[in-house]
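The block underneath contains the structure these notes are about, expressed in structure tokens.
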Amino acid sequence: MSRSKVNWTQLLTLLLALAVLTVIVLSRRNEVQQTISRQTADVDMILPPHVADTVEKQVYADLPDIDITSWEYLLCNPAHNIGQYAPEVVQIESSTSYIDTRALEPFLNLLQGARAAGFSPHVYVGYRSYIMQSSQYNSVVADFESQGYSTLDAEKAAAEVSAAPGTSEHQTGLGLDLLDRYAESLSNYEMDENFLAWLDEHCTEYGFIKRYPENKISITGRYEPWHIRYVGTAAAEFMKLHDLCLEEFVNLY
Ligand SMILES: [Zn+2]
0 MSRSKVNWTQ LLTLLLALAV LTVIVLSRRN EVQQTISRQT ADVDMILPPH
50 VADTVEKQVY ADLPDIDITS WEYLLCNPAH NIGQYAPEVV QIESSTSYID
100 TRALEPFLNL LQGARAAGFS PHVYVGYRSY IMQSSQYNSV VADFESQGYS
150 TLDAEKAAAE VSAAPGTSEH QTGLGLDLLD RYAESLSNYE MDENFLAWLD
200 EHCTEYGFIK RYPENKISIT GRYEPWHIRY VGTAAAEFMK LHDLCLEEFV
250 NLY
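Under numbering that gives the first Met the number 0, residues 0 to 252 are what the sequence shown spells out, in order.
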């Protein structure tokens, strides 16, 4: 009798242990599945552009000795949302465009250089604040929603044509759309090839880079020959010499 009682106790203990183990395994599996789906969602959000998967980290002997966290190198793209970052900005000459106060002088020098070379450069878009970007983006989302898109699909579609708040480089105050002449709109606008060639050759002397060149679309996700970006002369000359875009440059540090 006593042996049978012991066996019952052992059996109950064993069953209880099995039950506890099953609960632990099931909840752990659920946790893992949630983590996997979270990771998948993150990957969807950061690709493209995402330099780490596309470019090997190289070692350059002439890599500028700079503090990559400084304002000039602020990376802003769909993978690097800068939130409500708001630099101090200043009006560019008598235009309606603004630029980060610290980049004004180099930019005025660039304008002067372009004029001396016979061009009449026009700042089409300069600084755009987080609030301005939000309202532009939200109106595009609303447009898509009114066409019958779900909110999620409308946001995806909007991101194709307008940067989401915090992801437009114009919010850094360092990115500018610079045309060779005045224009009301960019639709049907053709850049003067001579001006683009002049920019290619000279913008780094003033500390600017062509931010979205054609050969870096796989990384930046866009081709905008008119969009220039201030990074300072050391970084600009280095990027030009080694044919690197800002994503690749920042990735070296
Ligand atoms: Zn632009």
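The C-beta atom is built at its ideal place from N, Cα and C for all residues, glycine as well.
**Message:** Tell me the rounded alpha-carbon separation between Arg180 and Glu213.
**Reply:** Counted from its first residue, the sequence shown places residue 180 at position 181. Counted from its first residue, the sequence shown places residue 213 at position 214. Distance between the alpha carbons of Arg180 and Glu213 is about 21 Å.
**Message:** Taking 8 Å as the cut-off, does the segment 165-172 touch the segment 187-201 (at least 3 CB pairs, one atom from each stretch)?
**Reply:** Touching, no.
**Message:** Measuring only the C-alpha atoms, how far is Ser96 from Arg210?
**Reply:** As a position in the sequence shown, residue 96 is number 97, starting the count at 1. As a position in the sequence shown, residue 210 is number 211, starting the count at 1. Straight-line Cα distance between these residues: approximately 18 Å.
**Item:** From Gly174, Asp142, Asp176 and Asn6, residue whose alpha carbon lies closest to that of Val160
**Value:** Here residue 160 corresponds to residue number 161 of the sequence shown, with the count starting at 1. The residue with the shortest Cα to Cα distance from Val160 is Asp142.
**Cα-Cα separation, Arg228 to Gly147** = Here residue 228 refers to the residue found at position 229 of the sequence shown. Here residue 147 refers to the residue found at position 148 of the sequence shown. If I take the Cα positions, the gap works out to 37 Å.
**Prompt:** Pick from Tyr59, Asn6, Pro224 and Ala156: whose alpha carbon is nearest that of Val249?
**Reply:** Here residue 249 is taken as the residue at index 250 of the sequence shown, counted from 1. Among Tyr59, Asn6, Pro224 and Ala156, the Cα nearest to that of Val249 belongs to Tyr59.
**Prompt:** What are the start and end residues of the alpha helix (DSSP H) that includes Trp70?
**Reply:** By 1-based counting over the sequence shown, the position of residue 70 is 71. No alpha helix (DSSP H) contains Trp70, which DSSP labels as neither H nor E.
**Message:** If you reduce the DSSP assignment to three classes, tell me which class Val140 lands in.
**Reply:** The residue given as residue 140 occupies position 141 in the sequence shown. Of the three classes helix, strand and coil, the one that applies to Val140 here is helix, per DSSP.
**Message:** Taking the alpha carbon of Cys244 as the reference point, which residue from Leu109, Ser134, Leu178 and Ile216 has its own alpha carbon closest?
**Reply:** In the sequence shown, residue 244 corresponds to position 245, counting from 1. Cα-wise, what sits closest to Cys244 is Ile216.
**Message:** DSSP three-state label for Asn97, please.
**Reply:** Locating residue 97 in the sequence shown gives position 98, counting from the first residue. It should be pointed out that residue 97 corresponds to Tyr in this sequence rather than to Asn. Reduced to three states, the DSSP call for Tyr97 is strand.
**Item:** Burial state of Asn76, where buried means 16 or more other Cβ atoms lie within 10 Å
**Value:** On the sequence shown, residue 76 is found 77 positions in, with the first residue counted as 1. Buried: at least 16 other Cβ atoms inside 10 Å.
**Request:** Compare the C-alpha of Met190 against each of Ser184, Gly117 and Leu178 and name the closest.
**Result:** Along the sequence shown, one-based indexing puts residue 190 at 191. Minimum Cα distance to Met190 is reached at Leu178.
**Item:** Extent of the continuous alpha helix (DSSP H) run through Arg114
**Value:** Stepping through the sequence shown from its first residue, residue 114 is reached at position 115. Arg114 -> alpha helix (DSSP H) spans Leu103 to Ala115.
**Residues near Thr171 by beta carbon distance below 6 Å, same chain, minus five either side** = For the purposes of this step, residue 171 is identified with residue 172 of the sequence shown, where counting begins at 1. Closer than 6 Å at Cβ, skipping near neighbours: Leu73 and Cys75.
**Prompt:** Going by C-alpha distance, which of Tyr205, Gln83 and His121 is nearest Ala233?
**Reply:** For the purposes of this step, residue 233 is identified with residue 234 of the sequence shown, where counting begins at 1. Among Tyr205, Gln83 and His121, the Cα nearest to that of Ala233 is on Tyr205.
**Item:** Through-space distance from Leu151 to His201, alpha-carbon basis
**Value:** Your numbering for residue 201 matches position 202 in the sequence shown. Your numbering for residue 151 matches position 152 in the sequence shown. Rounded to the nearest angstrom, the two C-alpha atoms are 43 Å apart.
**Request:** Compute the beta-carbon to beta-carbon distance between Thr219 and Glu183, rounded to the nearest angstrom, for a pair I have assumed lies under 8 Å.
**Result:** The residue you call residue 219 lines up with position 220 of the sequence shown. The residue you call residue 183 lines up with position 184 of the sequence shown. The beta-carbon distance between Thr219 and Glu183, rounded to whole angstroms, is 26 Å. This is too long to meet the 8 Å contact definition.
**Prompt:** Does the Cβ of Glu246 lie closer than 7 Å to at least one heavy atom of ligand 1?
**Reply:** Counting from one through the sequence shown, the residue named residue 246 turns up at place 247. No, the Cβ of Glu246 stays beyond 7 Å of every heavy atom of ligand 1.
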